[in-house]
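Residue numbers (our numbering): 1384 to 1692.
The beta carbon of each residue, even a glycine, is placed where N, CA and C say it ideally should be.
All values derive from a computational prediction rather than experimental measurement.
To start, the structure itself, in structure tokens.
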């Protein structure tokens, strides 16, 4: 695998150039989707780290799309728009409602693709069939993001995650059988997890061979159950240097052709309690690049070795 722009890993920018012929811009759309971990389907209260949006009125899809285009088109002229369903668990709708939402979204003018965030326990054969049928009928790429966060069931249970790693693998496999592009989310720095466990989560995900991975540090956000716990009884959080070391190890453990879509993330500026160093994304990314060079790590170069974090 040849990595471009001086990077030692397969970036989202490189993937978009190959898949879409250039830059894309993700237009955030909200289907008003709920979550099985909040509406009682599997639990209530949600994941303890999650700041679930409090929706009052959700505009229709066309209005959201047009406003998003107007806001973002000037920032990235020439970029192709991709509809991004990020809020909630977007395959949790009843099947007929899911199909109607997908079909309406697929009809948006000028669309280059659709990206849908969901949970693996919101995936079943009927919903996968709907996703596949709309993909074929529209001719648009339909890419799926699956939140995992950790491969350790004990950690997941303590966070009220609501499903096991085994359940995640079942949903992942259903989508993989239809050859959907799959991106898996993982969070580093979850309470009680060691760097070795964070790397083991990546090993287990790598064994599934997703198309993409998003990594980021745990954000403690005001209004979440985990932030309340932290303020009562603070628990250790990774420092920036520790996070960089873990991420470099994880990059080395991922197959060379898996797209690394994200290496750090933004916490909502008005809600972030800790760690405050995550606000400076550029500094974190630069530190990762330097450490990869210092340790002579490229994506996939540590596969088959024991962890060194």
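Item                                                                                                                  : Value
Burial state of residue 1475, where buried means 16 or more other Cβ atoms lie within 10 Å                            : buried
Close beta carbons around residue 1551, own chain, < 6 Å, minus the five adjacent residues each side                  : 1503, 1531
Secondary structure of residue 1577, DSSP reduced to three states                                                     : coil
Nearest neighbour of residue 1695, chosen from 1392, 1407, 1684, 1516 [CA to CA]                                      : Summary: the structure shown does not reach residue 1695, with the chain confined to residues 1384 through 1692, and so no result is reported for it.
Buried or exposed (CB count within 10 angstroms, at least 16 for buried), residue 1401                                : exposed
Given residue 1559 as reference, the closest of 1527, 1673, 1675, 1446 once Cα atoms are compared                     : 1527
Sequence-distant residues of its chain with Cβ nearer than 8 Å to residue 1652 (five each side left out)              : 1662
Candidates 1405, 1461, 1500, 1647, of which the one nearest residue 1416 by Cα                                        : 1500
Other residues of its chain near residue 1563: CB distance less than 6 Å, five sequence neighbours each side excluded : 1527
Residue 1670, buried or exposed, once every other Cβ within 10 Å from all chains shown has been counted against 16    : buried
Within 7 Å, strictly: CB atoms of residue 1567 and residue 1585                                                       : no
Coil, strand or helix - residue 1395 by DSSP                                                                          : helix
Cβ-based neighbour list, residue 1411, same chain, cut-off 7 Å, excluding 5 preceding and 5 following                 : 1451, 1467, 1469
Inter-residue Cα distance where the pair is residue 1535 and residue 1541                                             : 10 Å
Beta-carbon separation (whole angstroms), residue 1595 vs residue 1667, contact threshold 8 Å                         : That belief does not hold up - the Cβ atoms of residue 1595 and residue 1667 are roughly 19 Å apart, past 8 Å.
Minimum length 3: unbroken beta strand (DSSP E) runs contained in the stretch 1610 to 1684                            : 1642 to 1645, 1655 to 1657
Opening and closing residue of the alpha helix (DSSP H) in which residue 1520 lies                                    : 1508 to 1521
Contact under 7 Å by Cβ, residue 1681 with residue 1391                                                               : yes
Residue 1565 beta carbon less than 7 Å from that of residue 1598                                                      : no
Residue range of the unbroken alpha helix (DSSP H) whose run includes residue 1558                                    : 1548 to 1560
Secondary structure of residue 1467, DSSP reduced to three states                                                     : strand
Outcome for residue 1628 when other beta-carbon atoms lying within 10 angstroms are tallied against a minimum of 16   : buried
As assigned by DSSP and simplified to three states, the class of residue 1449                                         : helix
Whole-angstrom C-beta distance between residue 1516 and residue 1525, which should lie under 8 Å                      : Contact doesn't hold; Cβ gap of about 10 Å is too wide.
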